[in-house]
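Enquirer: Listed in order, the protein sequences are those of chains A and B. The first sequence begins at 287 in my numbering and counts up one residue at a time. The second sequence begins at 287 in my numbering and counts up one residue at a time. Cβ coordinates follow ideal geometry from the N, Cα and C atoms, glycine included. This one's a predicted model, so the numbers in the text were calculated from it and none came from an experiment. Okay, handing you the structure first.
2 protein chains.
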Amino acid sequence: MTYCLGIKTRWGLVLASDSRSNAGLDQVSTFRKMHTLVLPGERAFILCTSGSVSLSQSVMTMLRQDFQAGHGLAEVDSLYAAARCVGEQVRRVAATDREALERDHISFNVHLLLAGQLRGQEPDLYMIYPQGNPLRATRDSPYLQLGEAKYGRPILDRGIRFDETTLEEAAKYALLSLDSTMRSNMTVGPPVDLVIYGADELKVRWHCRFGEADPQWRTSHSLWDQARRQAVQSLPEIRFADAADRQA
Amino acid sequence: MTYCLGIKTRWGLVLASDSRSNAGLDQVSTFRKMHTLVLPGERAFILCTSGSVSLSQSVMTMLRQDFQAGHGLAEVDSLYAAARCVGEQVRRVAATDREALERDHISFNVHLLLAGQLRGQEPDLYMIYPQGNPLRATRDSPYLQLGEAKYGRPILDRGIRFDETTLEEAAKYALLSLDSTMRSNMTVGPPVDLVIYGADELKVRWHCRFGEADPQWRTSHSLWDQARRQAVQSLPEIRFADAADRQA
């Protein structure tokens with residue numbers, strides 16, 4: 287399983303991803319799911335992948351190869367065109383692999399998040415489906431998730447507001463969302479990659495990776511547990527009507 | 287969809303359930319999913335149901351009919367026997383309905399939570415599967431969920447400890463868990479039923495029902511949003527290594 291998320295606010299972008307991959311519960315390994323393609327000062331892309339590692343590797347290999355040759359994401363003229371470029375690459379891999387997979391009842395499963403910015407344009411965030419079509423994050427729905435999305439969603443719903451949430455706050459929410467998910471689903475696991483991209487930086491300046499034993503990660507984890515318990519205790523007591531006679 | 291949960295601590299039991307039922311998104315209705323069977327001073331049972339409303343109604347109708355005639359749950363001699371009694375009733379409904387349902391590719395889906403106490407014994411909490419077999423909550427896993435369980439689980443994982451969590455706290459966690467779930471899945475909806483059962487009460491004394499407009503519910507909802515935001519803000523800033531030169 288996988289859990290990745292992207293957040294878009296007026297100040298920029300935050301991306302976070304886990305690193306666990308599994309084929310069944312008895313075959314677990316670690317793969318990085320966050321990738322960057324950057325022409326400093328010109329354009330910066332951060333991609334996260336979920337689904338089959340084999341398929342996402344093929345997509346990323348071809349995207350990077352084109353990029354380094356000055357094509358593909360190196361020459362698109364908008365983030366929308368970038369999302370379409372990624373989608374086209376997904377479709378090329380589908381053309382190569384989908385039939386062989388489906389013959390053995392394996393679904394063609396690869397999703398991507400694409401975040402980034404071109405010089406002179408706004409930063410933006412897209413999801414690309416296995417069919418190649420893109421979905422854009424909006425002011426009303428300023429975050430997108432891949433994979434095991436449910437455990438980590440309530441905290442995002444409560445916390446993320448396009449016009450209000452700073453990038454530093456968004457990064458904390460992203461880590462807490464990952465933390466909640468890793469606690470409940472053991473097929474989502476560390477290390478966690480985190481990128482904060484501030485609008486107009488046009489390079490990937492703030493990237494970090496948290497292992498399970500990372501002191502920052504552990505401190506944040508236990509402080510959050512404490513803070514949350516205190517928050518619950520601070521809620522007013524529930525007022526009950528005495529229901530002794532009800533037996534409906 | 288449905289979301290119900292039961293919590294067992296050393297001080298007793300907390301049960302909470304939503305009331306929304308849907309057959310597709312265009313057919314939504316309200317059904318109470320929490321039921322009580324009580325012989326005051328002797329035995330008290332609280333049941334929550336998920337799955338097909340038709341099936342859970344059949345199970346509850348027969349359980350109540352037997353109970354009122356002094357049989358079934360009125361004469362079992364332990365909570366384990368009570369869970370088996372509910373399971374037997376599920377199997378009788380399966381014998382009546384399962385074949386007809388499966389002929390039309392409808393799965394036989396009914397899950398129940400059974401919480402309660404017999405005089406002189408400990409309170410206890412079970413889940414009963416559609417196959418009729420029971421699962422008991424334990425000190426290590428002191429809560430059980432039915433239905434749309436993922437959204438509301440992280441807060442329970444962090445908050446509920448058999449030996450530490452008071453019933454009042456457990457009730458707050460239960461409501462927050464419901465609130466998170468209703469926010470993310472519109473097929474889980476109000477009113478919310480909540481019961482706190484203190485050990486040795488042997489009646490259902492504290493029951494309440496929150497509609498969407500209930501002032502207590504709304505206050506708790508917005509205070510929790512505030513408290514949670516403050517808790518996130520209180521976390522230490524993330525320390526990044528400057529990653530400007532990394533483009534892996």
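#1: Would you report the Cα separation of residue 483 of chain A and residue 459 of chain A, rounded to the nearest angstrom?
#2: Residue 495 of chain A: which of A/522, A/455, A/467 and A/461 sits nearest, CA to CA?
#3: Please state if the CB of residue 399 of chain A and the CB of residue 333 of chain A are separated by a distance shorter than 8 Å.
#4: Between which two residues does the alpha helix (DSSP H) containing residue 353 of chain B stretch?
#5: Can you name the residues of chain A whose CB is closer than 8 Å to the CB of residue 455 of chain B?
#6: Evaluate residue 395 of chain B with the Cβ neighbour count: other Cβ atoms within 10 Å of its Cβ, from every protein chain shown; 16 or more gives buried, anything less gives exposed.
#7: Kindly indicate which residue of A/457, A/364, A/465 and A/345 has the alpha-carbon position closest to the one of residue 492 of chain A.
#8: Determine, using beta carbons only, whether residue 349 of chain B comes closer than 8 Å to chain A.
#9: Measure from the C-beta of residue 405 of chain A to each C-beta in chain B and report whether the shortest distance is under 8 Å.
#10: Take residue 338 of chain B and list the residues in its own chain whose beta-carbon comes closer than 7 Å to its own, dropping the five residues that flank it on each side.
#11: Which residues in chain B have a C-beta closer than 8 Å to the C-beta of residue 445 of chain A? List them in chain order.
#12: Take the Cβ of residue 392 of chain A as the centre, count every other Cβ of all protein chains shown within 10 Å, and call the residue buried at 16 or more, exposed below.
#13: How far does the alpha helix (DSSP H) with residue 458 of chain B in it extend, from its first residue to its last?
#14: Measure from the alpha carbon of residue 316 of chain A to the alpha carbon of each residue in A/497, A/329 and A/502, then state which is nearest.
#15: Thinking C-alpha only, which one of B/306, B/298 and B/297 is nearest residue 434 of chain B?
#16: From A/319, A/372, A/446 and A/335, pick the residue whose C-alpha is nearest to that of residue 351 of chain A; which is it?
#17: With distance defined between alpha-carbon atoms, name the residue in B/297, B/513 and B/288 nearest to residue 448 of chain B.
#18: What number of angstroms, rounded off, separates the C-alpha of residue 454 of chain B from the C-alpha of residue 380 of chain A?
#19: Name the residues in the region 468-480 of chain A whose C-beta lies less than 9 Å from a C-beta of chain B; which are they?
#20: Give a yes or no on contact between the region 353-363 of chain A and the region 413-426 of chain A, applying the rule of three or more CB pairs nearer than 8 Å.
#21: According to DSSP, what are the bridge partners of residue 292 of chain B?
#22: For residue 515 of chain B, is the beta carbon positioned less than 7 Å from some heavy atom of the ligand ATP?
#23: Could you tell me which chain B residues have their CB closer than 9 Å to the CB of residue 506 of chain A, listed as they occur along the chain?
#24: Looking at the structure shown, is residue 439 of chain A part of a helix, part of a strand, or coil, going by DSSP?
#25: Taking a contact to mean a Cβ-Cβ separation below 8 Å, would you say residue 515 of chain A touches residue 405 of chain A in this structure?
#26: Under a CB-based cut-off of 8 Å, is residue 440 of chain B close to chain A?
Expert: In brief:
#1: The C-alpha of residue 483 of chain A lies about 15 Å from the C-alpha of residue 459 of chain A.
#2: A/461
#3: With respect to the 8 Å criterion, residue 333 of chain A and residue 399 of chain A are classified as neighbours on the basis of their beta carbons.
#4: 339-354
#5: Going along chain A in sequence order, the residues near residue 455 of chain B (Cβ under 8 Å) are 518 and 519.
#6: So residue 395 of chain B ends up on the exposed side.
#7: A/457
#8: So no, residue 349 of chain B is outside the interface.
#9: no
#10: Within the same chain, Cβ atoms closer than 7 Å to the Cβ of residue 338 of chain B are found at 395 and 396, the five residues on either side in sequence being excluded.
#11: The answer, in chain order, is 514, 515 and 518.
#12: exposed
#13: 453-470
#14: A/497
#15: B/306
#16: A/372
#17: Measuring from the Cα of residue 448 of chain B, the nearest candidate turns out to be B/297.
#18: Spanning the two alpha carbons is a distance of roughly 54 Å.
#19: Taking 9 Å as the Cβ-Cβ cut-off against chain B, the residues of the region 468-480 of chain A that qualify are 469, 470, 471 and 480.
#20: no
#21: B/301 and B/430
#22: Looking for the ligand ATP in the displayed structure turns up nothing, as the structure carries no ligands at all.
#23: Under the 9 Å cutoff, chain B gives 521, 522 and 524.
#24: helix
#25: no
#26: yes
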